[in-house]
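Counting with numbering that gives the first Met the number 0, you get residues 0 to 344 for the letters of the sequence shown.
Don't be surprised by glycine CBs; every beta carbon is placed ideally from N, CA and C.
These notes are about the structure you will find just below.
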Amino acid sequence: MKGLAHFASALALATCFPSVVAHAEAGSLWPVLAGVGALLPDLLDFRFVRYWVHYDAELDLGPVTDRPSACPAADRLAGRLAGVLSEAAALQQRRHVRLHTLQMGPDRWRRYQVVFDRGRGRLRVSMGPVVTSGQESVTDTGFVPPVVAERPLPVSVVCPYDERYQVDILSGPSLLVVPEARHLRLEFLPWHHGWTHSLFMALVVGLGVAMLGMVLPSVAHGLEIGGLVALGYGVHVLEDQLGHMGCSLWWPITRQRVPGLRWLHASDGLPNFGVVWSALSLILYNLDRLGPHLLAGRQGALWALGVGLWPWALLGLRALLRRGAGDISMRGGALERQVEARGPE
């Protein structure tokens with residue numbers, strides 16, 4: 000989820016505690032501390048951890064043209080990536096891989112896609128259009144049909160996040176190739192959702208803030224402040240578990256990510272809107288419940304449910320529609336494979 004959604008949800012949970020609302024009414028920023036704690040995991044990842052990674056292979060497309068017959072970049076990248084997979088499998092050693100973007104000019108990037116097709120045992124690299132920094136395709140570049148290069152996968156590959164990786168703007172994604180008993184596991188953005196996204200770190204950060212609050216004479220209620228920061232941190236970690244990437248929940252016991260529930264992507268607009276809307280509804284309800292009581296008893300609860308949950312009804316409807324479209328696509332793909340296997344009549 001986006002940072003605003005994490006911040007709002009942590010703020011809403013903080014207002015469930017009467018003491019927090021009482022301090023807020025007196026002018027304290029206690030609820031905001033939970034929101035600040037919810038911003039810390041991504042802050043650590045994007046400002047520090049990402050720069051500590053050593054890459055074993057940095058793959059760059061190199062010179063690219065728009066003519067398929069004169070564009071070996073896709074084939075070259077596919078060959079180098081297949082070589083990294085072979086090396087990791089042969090040596091049984093992890094390999095960090097960086098897929099660099101290709102900037103064509105001011106606000107112009109060349110998009111390409113890397114696909115690990117497990118069903119067919121193929122590694123495919125396809126060149127896409129020129130796009131802007133907003134990821135909008137540029138139609139006046141004279142773009143021709145995509146250039147596709149393929150290589151056989153040297154070993155079976157498991158992709159917990161996704162089999163398709165689109166590369167277009169900014170710095171480009173990274174992958175961690177992890178050898179296992181019978182296959183290679185590919186972890187997307189290995190520096191993200193690692194030890195920083197663990198329940199243990201939520202406890203450590205909360206205890207650190209609490210100890211700091213108890214040491215400083217100008218800070219009162221250090222233990223409560225630390226608890227709020229830990230609450231926000233933990234909310235962020237658990238919310239990210241709803242996505243595709245998962246988190247290293249049980250670090251330092253194990254650094255392997257717990258697979259996510261795959262309910263949403265971080266960039267999905269409707270889930271982020273739903274979280275923020277529901278959080279604001281819960282905040283208003285809690286402030287009234289613990290304050291002036293403008294909405295009494297059952298009326299207030301019904302108001303909170305009616306106002307706060309309608310975005311999730313839309314989200315459920317969208318999920319049902321997507322599932323129906325996915326079933327149709329799967330049936331179409333199966334029919335296509337049957338036709339290909341039958342061959343010309």
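{"Item": "Delimiting residues of the alpha helix (DSSP H) encompassing Val83", "Value": "Ala72 to Leu90"}
{"Item": "Sequence-distant residues of its chain with Cβ nearer than 7 Å to Ala7 (five each side left out)", "Value": "Val274, Val275, Ala278 and Leu279"}
{"Item": "Runs of beta strand (DSSP E) lying entirely within the segment 132-202, each at least 3 residues, in chain order", "Value": "147-151, 163-166, 173-178 and 183-187"}
{"Item": "Gly212, DSSP secondary structure in three states", "Value": "helix"}
{"Item": "Boundaries of the beta strand (DSSP E) in which Tyr111 is found, first to last residue", "Value": "Arg107 to Asp116"}
{"Item": "Gly212 vs Ile224 beta-carbon contact at 7 Å", "Value": "yes"}
{"Item": "Distance cut-off 6 Å: Leu230 Cβ against heavy atoms of the ligand SAM", "Value": "With respect to small molecules bound, the structure shown includes none, and the ligand SAM cannot be examined in it."}
{"Item": "Coarse secondary structure for Ala25, derived from DSSP in three states", "Value": "coil"}
{"Item": "Residue environment, Asp239, which counts as buried when at least 16 other CB atoms sit within 10 Å", "Value": "buried"}
{"Item": "Identity of the residues DSSP links to His95 by a beta bridge", "Value": "Leu175"}
{"Item": "Ser125 beta carbon less than 7 Å from that of Val96", "Value": "no"}
{"Item": "C-alpha gap between His191 and Ala201, whole angstroms", "Value": "16 Å"}
{"Item": "Arg123 - containing beta strand (DSSP E), residue span", "Value": "Arg121 to Val130"}
{"Item": "DSSP three-state assignment for Val274, whether helix, strand or coil", "Value": "helix"}
{"Item": "Residues that Pro58 bridges to, as DSSP identifies them", "Value": "The identity of residue 58 in the sequence shown is Leu, whereas the question assumes Pro. Leu58 is bridged to Leu98."}
{"Item": "One or two residues paired with Cys246 in a DSSP bridge", "Value": "Val257"}
{"Item": "Presumed contact (8 Å Cβ cut-off) between Arg79 and Ala87, rounded CB distance", "Value": "Rounded, the Cβ-Cβ distance is 13 Å, inconsistent with contact."}
{"Item": "Pair within 7 Å by beta-carbon distance, Gly2 and Leu43", "Value": "no"}
{"Item": "Opening and closing residue of the alpha helix (DSSP H) in which Gly2 lies", "Value": "Gly2 to Ala13"}
{"Item": "7 Å Cβ cutoff, Val203 in contact with chain C", "Value": "Given the protein chain composition of this structure (a single chain), no chain C is represented."}
{"Item": "Under 7 Å between C-beta atoms of Ser247 and Gly193", "Value": "yes"}
{"Item": "Member of Arg107, Gly104 and Gly242 whose CA lies at the smallest distance from the CA of Asp161", "Value": "Gly242"}
{"Item": "Top-ranked residue by Cα proximity to Thr195, from Leu28, Pro40, Leu10 and Ile282", "Value": "Pro40"}
{"Item": "Residue environment, Met0, which counts as buried when at least 16 other CB atoms sit within 10 Å", "Value": "buried"}
{"Item": "Residue nearest to Ala180 in terms of C-alpha spacing, selected from Thr100, Phe187, His235 and Ser155", "Value": "Ser155"}
{"Item": "Proximity winner among Phe187, Cys158 and Arg110, relative to Gly118 (alpha-carbon distances)", "Value": "Cys158"}
{"Item": "Residues that DSSP places opposite Gly221 in a beta bridge", "Value": "According to DSSP, Gly221 bridges with nothing at all."}
{"Item": "Bridge partners - Gly104, DSSP secondary structure assignment", "Value": "Arg107"}
{"Item": "C-beta contact flag for Leu185 and Leu169 at 7 Å", "Value": "no"}
{"Item": "Where Phe45 sits in the DSSP three-state scheme", "Value": "helix"}
{"Item": "Check whether Ala56 and Leu122 have beta carbons under 7 Å apart", "Value": "no"}
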